[in-house]
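Colleague: This is the structure I have questions about; it appears just below.
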Amino acid sequence: MLARGHYENGTLAPNTTIWFDGSQSWDYGLIYNPFYAWYWGDGTESYEVASIFSHVYANAGTYNVTLLYADDYTNSYYSFPVVITEDTSWYIAPVSFLD
Numbered sequence: 201m202l203a204r205g206h207y208e209n210g211t212l213a214p215n216t217t218i219w220f221d222g223s224q225s226w227d228y229g230l231i232y233n234p235f236y237a238w239y240w241g242d243g244t245e246s247y248e249v250a251s252i253f254s255h256v257y258a259n260a261g262t263y264n265v266t267l268l269y270a271d272d273y274t275n276s277y278y279s280f281p282v283v284i285t286e287d288t289s290w291y292i293a294p295v296s297f298l299d
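Next up, the structure:
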């Protein structure tokens, strides 16, 4: 089992919806009741069987996002930084953290 995640957004500013995608996560064999848990780095988390989530950060800062991809038998974690800035005069291209 291998967790992989990325986000797609142009402006990473406070109070802006950011979409995160864990659909590139996969298992080496059969998957039994898979689910995704996103730990947003701001003290909140989300759990679902869907791989795509949105999140809104209230404040500027650097957040360590962790994706847990799991099923009934095994799990995998993947972490990556998200930088939220007050300066929206520049554009951040969509970023993929797929090794």
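Just add 200 to wherever you are in the sequence shown, counting from 1, and you've got the numbering used here. C-beta: ideal position from N, C-alpha, C; glycine also.
Return the chain-ordered list of same chain residues with a C-beta closer than 8 Å to the C-beta of residue 254, the five sequence neighbours on each side being excluded.
Modeller: Counted from its first residue, the sequence shown places residue 254 at position 54. Taken in chain order, the residues that qualify are 217, 218, 219, 220.
Colleague: Are residue 242 and residue 257 touching if we call contact CB-CB under 8 Å?
Modeller: Your numbering for residue 242 matches position 42 in the sequence shown. Your numbering for residue 257 matches position 57 in the sequence shown. In contact: residue 242 and residue 257 (Cβ atoms closer than 8 Å).
Colleague: Between the beta-carbon of residue 223 and the beta-carbon of residue 251, is there less than 8 Å?
Modeller: The sequence position of residue 223 within the sequence shown is 23, counting from 1. The sequence position of residue 251 within the sequence shown is 51, counting from 1. For residue 223 and residue 251, yes; Cβs fall inside 8 Å.
Colleague: Got a sec? Which residues, its chain only, sit under 7 Å from residue 279 by beta carbon, not counting five neighbours each side?
Modeller: In the sequence shown, counting from the first residue as 1, residue 279 sits at position 79. Contacts found: 264, 265, 266.
Colleague: Would you list, in sequence order, the uninterrupted beta strand (DSSP E) runs of no fewer than 3 residues that lie entirely inside the region 217–292?
Modeller: Whole beta strand (DSSP E) segments, 3+ residues: 217–221, 235–239, 245–248, 252–256, 261–270, 275–284.
Colleague: Using a Cβ-Cβ cutoff of less than 6 Å, which residues in the same chain neighbour residue 285 once the five nearest sequence positions on both sides are dropped?
Modeller: On the sequence shown, position 85 is the one that residue 285 refers to. Taken in chain order, the residues that qualify are 260.
Colleague: Residue 274: which of 238, 234, 244 sits nearest, CA to CA?
Modeller: Position 74 of the sequence shown, counted from the start, is the residue given in the question as residue 274. The candidate whose alpha carbon is nearest that of residue 274 is 234.
Colleague: Determine the burial state of residue 282: buried for a count of at least 16 other Cβ atoms within 10 Å of its Cβ, exposed for fewer.
Modeller: Position 82 of the sequence shown, counted from the first residue, corresponds to residue 282. Buried: at least 16 other Cβ atoms inside 10 Å.
Colleague: If the criterion is Cβ atoms closer than 8 Å, does the pair residue 277 and residue 225 meet it?
Modeller: Position 77 of the sequence shown holds residue 277. Position 25 of the sequence shown holds residue 225. Not in contact: residue 277 and residue 225 (Cβ atoms no closer than 8 Å).
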